[in-house]
Structure formats: structure tokens, C-alpha cells
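Below: the structure, in C-alpha cells.
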Amino acid sequence: MRTAVLGATGLVGREFVALLQNHPWFEVETLVASERSAGRKYGELVEDSPPEFADMELTSLEEFLRNPDVELVFSALPASIAGRVEEKLARRIPVFTNARSHRYEDDVPILVPEVNEKHLALVETQKRNRGWGGFIVANPNCSTAILALSLAPLREFGIRKIRVATMQAVSGAGFSGLSAFAIQDNVIPLIEGEEWKIENESRKIFGEIIDGKIKPAEFGISAIAARVPVLHGHTEAVFVELENPDISEIKKAFERFDPLRAYRLPSYEKPIAYSEVPQPRLHRDRGRGLTVTVGRVENADSGIKYVALGHNLVRGAAGGSILNAELAYALRILH
Ligand SMILES: NC(=O)c1ccc[n+]([C@@H]2O[C@H](COP(=O)([O-])OP(=O)(O)OC[C@H]3O[C@@H](n4cnc5c(N)ncnc54)[C@H](OP(=O)(O)O)[C@@H]3O)[C@@H](O)[C@H]2O)c1
-11 MRTAVLGATG LVGREFVALL QNHPWFEVET LVASERSAGR KYGELVEDSP
39 PEFADMELTS LEEFLRNPDV ELVFSALPAS IAGRVEEKLA RRIPVFTNAR
89 SHRYEDDVPI LVPEVNEKHL ALVETQKRNR GWGGFIVANP NCSTAILALS
139 LAPLREFGIR KIRVATMQAV SGAGFSGLSA FAIQDNVIPL IEGEEWKIEN
189 ESRKIFGEII DGKIKPAEFG ISAIAARVPV LHGHTEAVFV ELENPDISEI
239 KKAFERFDPL RAYRLPSYEK PIAYSEVPQP RLHRDRGRGL TVTVGRVENA
289 DSGIKYVALG HNLVRGAAGG SILNAELAYA LRILH
């Protein structure tokens, strides 16, 4: 399918471009960025550009919107502009986005394919509701994506309550998000809006579709989000109260969790791997960045505690979005 990447020069956009090289289903034809980058070669702005994209000229967003002649859009735009742009495109083209702009709308799924595959059915409701030919599928926020994946095997043990403290990498804030001076030798236990997103997006992801809307899951959830001086990879300390905290069965459930293997999606990797001591430098690139590493799994109070770690730009953003589109393709929702 002829594909465009919006925000291609940003941190998430670069991952999209890297992950989409030689993709068997999606062919990147157009790289879109702001007026600042328009007309320049991708390789001039992105030093480690894959060779096949180095000579591709960047298109400005305004120019792209005049004639968006593609069949699929991946969006890594800032939320400040993504809302109106994605809505305009989705009238005709499927849009897979990382921005938060549409995540909380009733008929827009927040998809983590290994967790809530069934929510993809909402795109038909969305198209009907809005009279669109295309649709919007959102990713969760990066820390939520990692948390949700680690919680999925725990569903069969009856999740009652979740407490999570995150240690999030600086790349989660985008290129211009954080000054080196602020984060060196420091921990900043406040990321504006992040805790609300973790709590509400998790409830939506684990919710059920009833009458064309998602009824959020009813478990209790509370988060504290901190920024730490790590380049890539979010680490999360998670405490889960469970109806049946059988630790040896829980460890087996983490190990066997492999729900989408049968689809043979090109980017699919076993979603969860185990390590005694998960660490960003050692484990963020597991499974091409799509695998979440879980470790330190122990009984605690009326449940368990563990540490989960994942690559924020891949599992938490571009890689997750590509997996979403691959699932839609495999289910013949895209063609
Ligand atoms: N970083 C993460 O871990 C992460 C994880 C999940 C979701 N997200 C979400 O993904 C999106 C992108 O994040 P990021 O971290 O990649 O941001 P970023 O590094 O700041 O990149 C932003 C991209 O958007 C382009 N852009 C900015 N203003 C524009 C405009 N007015 N018109 C057209 N293009 C414009 C930039 O192009 P120029 O280079 O030309 O300025 C750049 O390509 C955001 O919505 C973010 O919340 C990020």
C-alpha cells in the first residue's frame, strides 16, 4: 500500500521510517514534515537515514494536505496539529496515529493488538458515525502501551487494582521536550498529563465494546510518572492486586503469552520476555524494540509486583502503530 509518514523527521517519525524499510505490505512514498524541513533531502536532516530514503525530498504538511495521494497514513505529529489534520485525512484514508488528539473519542480504538484486538471492530462504527471512507486508530501513550502489554497475561488472574510508578526516558518528550541541563544528574517526578493518560487509557484498552462504545474496565489504577536520565526505554514498577495471585501460574502465563502468532504479521515479535533484572540499556531493543521485558515478579500484598521495560519509541509509538496497521491489513480492514 502506498504510505505516507507525517512528522517523519521527529523521534517517532524516524522510527517509522527505519521500521518501514523493505516492508512487504506498506511502501513509504511520502515523507512529511513542517515548512522548516520541506524541500530538503531526508538524509540531510536525519544522519542515520536508511539509504533508500536518504534522497527522498520532504513534503510540507500543507502541500501534502492539498493532494494526499496515498492509501495509508502513519502520523507522528504533535498533538497541537494532529487533531485537525488526521480528521481531514481520515475522511478518505486510514490513519494510524501516535498523537493523543483522538484517543478519548468513543468510536476511536486505542489499540495494542496483543491486548485488545477486538477493539479494531470500532472502525466500522467510526466510519458509519462520521460518514468517512477512512478511519483513525490510535496508539496509547508510550508508558501505557508497555504497562498494558505486561498486564494482559494477568487478566485470567482477576485484576482488581493497579499501582504503577514509571521511570521514563528523555526521548519520550520528543526532540525539543527537555533540556539536557534539567535532566542530567536528576529525576523529575512530574510529567504533565501522563498519569491521567496511563489511568484512563488503560481502562479503555481493557474495556469492553457495548453498543458501539467502549465501557472502560472497572479496576482501580493509580500512577506516578517520573522522567529519568535514560535515552530510550521506559521502566515501570508495577503492583497488581489480583483475585488469584498464584505466582507460579502467573510466571507461566507471562512466558506463554503469544496471542497473535497465527497471523504471521511482518513486525510481530513475542510480546513479553523475561529477565531477572530488566534494564533499558540491556533490554529495550529486544524483539526489534517490540518486546516488553518483565522481571522481578514476586508476590506482594494481595497480588504481585514486577518491573516492566519497553522501548518507548518502538513498542510505545512507531512499532506499535505499524503492528496496528498490519493487524488491520491481515483482517482485510485496509483493502
Ligand atoms: N516520543 C515518544 O516516546 C512518543 C511516544 C508515543 C507517542 N508520541 C507522540 O508522537 C508524536 C510525535 O512525537 P515525537 O516525540 O516524535 O515529536 P518530535 O520529535 O518533536 O517530532 C515532531 C515532528 O512533527 C513535525 N512537525 C512539528 N510541527 C509541525 C507543523 N506545524 N507542521 C508539520 N509538521 C510539524 C516535525 O517536523 P520538523 O522536523 O520539520 O519540525 C517533526 O517531524 C506526538 O504526538 C507525541 O505525543 C511520542
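Numbered per the numbering used here, the sequence shown spans residues -11 to 323.
Every residue, glycine too, gets a C-beta built ideally from N, C-alpha and C.
query = Are the Cβ atoms of Leu230 and Ile292 separated by less than 9 Å?
reply = Residue mapping note: residue 230 aligns to position 242 of the sequence shown, counting from 1. Residue mapping note: residue 292 aligns to position 304 of the sequence shown, counting from 1. Yes.
request  = Please name the residue, chosen from Gly(-2), Ala318, Asp173, Asn86, that lies closest to Ser25 on a Cα-to-Cα basis.
outcome  = Here residue 25 refers to the residue found at position 37 of the sequence shown. That would be Gly(-2), whose Cα lies nearest to the Cα of Ser25.
request  = Could you pull out every residue in the same chain whose Cβ sits closer than 8 Å to the Cβ of Leu137, ignoring the five residues on either side in sequence?
outcome  = Here residue 137 is taken as the residue at index 149 of the sequence shown, counted from 1. Excluding residues within five positions, the ones whose Cβ falls inside 8 Å are Val100, Glu102, Val103, Pro259, Ile260, Val280, Ala296, Gly298, Arg303.
key: Cross-strand partners of Gln114 (DSSP beta bridge)   = Indexing the sequence shown from 1 puts residue 114 at position 126. Answer is none; Gln114 lacks a bridge partner.
task = Output the boundary residues of the beta strand (DSSP E) element that contains Phe227.
result = Taking the sequence shown and counting its residues from 1, one reaches residue 227 at position 239. Looking at the DSSP string, the run of the beta strand (DSSP E) that includes Phe227 is 222 to 230.
query = In terms of residue numbering, what span does the alpha helix (DSSP H) encompassing Pro324 cover?
reply = Because the chain in this structure spans residues -11 to 323, residue 324 falls outside the shown range and cannot be described.
request  = For Ala170, collect the residues of the same chain with a Cβ closer than 8 Å to its Cβ; drop the 5 residues on either side in sequence, then sort them by chain order.
outcome  = Here residue 170 corresponds to residue number 182 of the sequence shown, with the count starting at 1. If we look at Ala170 and ignore the five residues flanking it on each side, its Cβ neighbours are Ile176.
ask   = Should Ala211 and Glu182 be called a contact, given that it needs their Cβ atoms to be closer than 9 Å?
value = Mapped onto the sequence shown, residue 211 falls at position 223. Mapped onto the sequence shown, residue 182 falls at position 194. Closer than 9 Å, so yes.
Nearest-angstrom Cα separation, counted from Gly165 out to Ala213 = Stepping through the sequence shown from its first residue, residue 213 is reached at position 225. Stepping through the sequence shown from its first residue, residue 165 is reached at position 177. So the alpha carbons of these two residues sit roughly 16 Å apart.
task = Within its chain, find whatever has a CB closer than 8 Å to the CB of Gln114; leave out the 5 residues flanking it on each side and keep chain order.
result = Here the question's residue 114 lines up with position 126 in the sequence shown. Cβ neighbours of Gln114 beyond the five flanking positions: Asp95, Val96, Trp120, Phe123, Ile124.
key: In chain order, each beta strand (DSSP E) run of at least 3 residues that lies wholly inside the stretch 273 to 299   = 280 to 288, 291 to 298
query = How many Å lie between Ala64 and Tyr30 at the Cα?
reply = Locating residue 64 in the sequence shown gives position 76, where the first residue counts as 1. Locating residue 30 in the sequence shown gives position 42, where the first residue counts as 1. Looking at the two C-alpha atoms, the distance is approximately 16 Å.
key: Residue environment, Asn360, which counts as buried when at least 16 other CB atoms sit within 10 Å   = Nothing can be reported for residue 360, as the shown portion of the chain is limited to -11 through 323.
ask   = Alpha carbon to alpha carbon, how far is Arg54 from Glu45?
value = Within the sequence shown, numbered from 1, the residue matching residue 54 stands at position 66. Within the sequence shown, numbered from 1, the residue matching residue 45 stands at position 57. Roughly 17 Å between the two C-alpha positions.
request  = Run the proximity test for Thr281: is its beta-carbon closer than 8 Å to any non-hydrogen atom belonging to ligand 1?
outcome  = Here the question's residue 281 lines up with position 293 in the sequence shown. Checking every heavy atom of ligand 1 against the Cβ of Thr281, none is found closer than 8 Å.
request  = Consider the C-beta atom of Glu51 and the heavy atoms of ligand 1; say whether any pair is separated by less than 8 Å.
outcome  = Here the question's residue 51 lines up with position 63 in the sequence shown. Glu51 Cβ: outside cutoff for every heavy atom of ligand 1.
key: Arg2 to Ile134 span [Cα, whole Å]   = Taking the sequence shown and counting its residues from 1, the one referred to as residue 2 is at position 14. Taking the sequence shown and counting its residues from 1, the one referred to as residue 134 is at position 146. Cα to Cα, the separation comes out at about 20 Å.
message = Output needed for Pro247: all residues of its chain with C-beta closer than 7 Å, excluding positions within five of it in sequence on either side, in chain order.
response = Along the sequence shown, one-based indexing puts residue 247 at 259. Closer than 7 Å at the Cβ level, and outside the excluded window around Pro247, lie Glu102.
Classification of Pro324 by the beta-carbon crowding that lies within 10 angstroms, buried from 16 upward = This structure gives no information on residue 324, because the portion of the chain shown stretches from -11 to 323.
ask   = Since Ile98 contacts Val152 with CB under 8 Å, what's their CB separation in whole angstroms?
value = What you label residue 98 is simply residue 110 of the sequence shown in a count that begins at 1. What you label residue 152 is simply residue 164 of the sequence shown in a count that begins at 1. The Cβ separation is near 17 Å, so there is no contact.
task = Compute every distance between the C-beta of Ser167 and the non-hydrogen atoms of ligand 1, then say whether any falls below 8 Å.
result = Numbered from its first residue, the sequence shown carries residue 167 at position 179. Because no heavy atom of ligand 1 lies under 8 Å away, the Cβ of Ser167 does not count as near it: no.
request  = Take Gly196 as the anchor and find which of Thr132, Arg272, Leu108 has the nearest alpha-carbon.
outcome  = As a working mapping, residue 196 is identified with position 208 in the sequence shown. Contrary to the premise, residue 196 reads as Glu rather than Gly in this sequence. When only C-alpha atoms are compared, the closest one is Leu108.
message = When you compare the stretch 74 to 84 with the stretch 274 to 290, are there three or more beta-carbon pairs, one atom per stretch, that lie closer than 8 Å?
response = Verdict: no, contact absent.
query = Thr132 by DSSP, collapsed to three states: which one?
reply = Taking the sequence shown and counting its residues from 1, the one referred to as residue 132 is at position 144. Reduced to three states, the DSSP call for Thr132 is helix.
message = Please classify Leu178 as buried or exposed, where buried requires at least 16 neighbouring CB atoms within 10 angstroms.
response = Residue mapping note: residue 178 aligns to position 190 of the sequence shown, counting from 1. So Leu178 counts as exposed.
query = Should Thr(-9) be listed as close to ligand 1, given that the test is whether its C-beta is under 8 Å from any heavy atom?
reply = For the purposes of this step, residue -9 is identified with residue 3 of the sequence shown, where counting begins at 1. Not under cutoff, so the answer is no.
query = Say the cut is 8 Å; is the CB of Pro82 nearer than that to a heavy atom of ligand 1?
reply = Start at 1 with the first residue of the sequence shown, and residue 82 comes out as number 94. Flag unset: Cβ of Pro82 not near ligand 1.
query = So is Ser210 in contact with chain C if we call contact Cβ pairs under 9 Å?
reply = Included in the structure is just one protein chain, with no chain C present.
Cβ-Cβ separation, Leu19 to Val0 (assumed contact under 8 Å), whole Å = Indexing the sequence shown from 1 puts residue 0 at position 12. Indexing the sequence shown from 1 puts residue 19 at position 31. So it is not a contact: roughly 13 Å between Cβ atoms.
task = May I have a chain-ordered list of the beta strand (DSSP E) segments no shorter than 3 residues that lie completely inside the stretch 135 to 198?
result = 147 to 156, 196 to 198
message = Measuring alpha carbon to alpha carbon, tell me which residue in Lys240, Lys149, Glu50, Glu112 is nearest Gly27.
response = Looking up residue 27 in the sequence shown gives position 39. The residue with the shortest Cα to Cα distance from Gly27 is Glu50.
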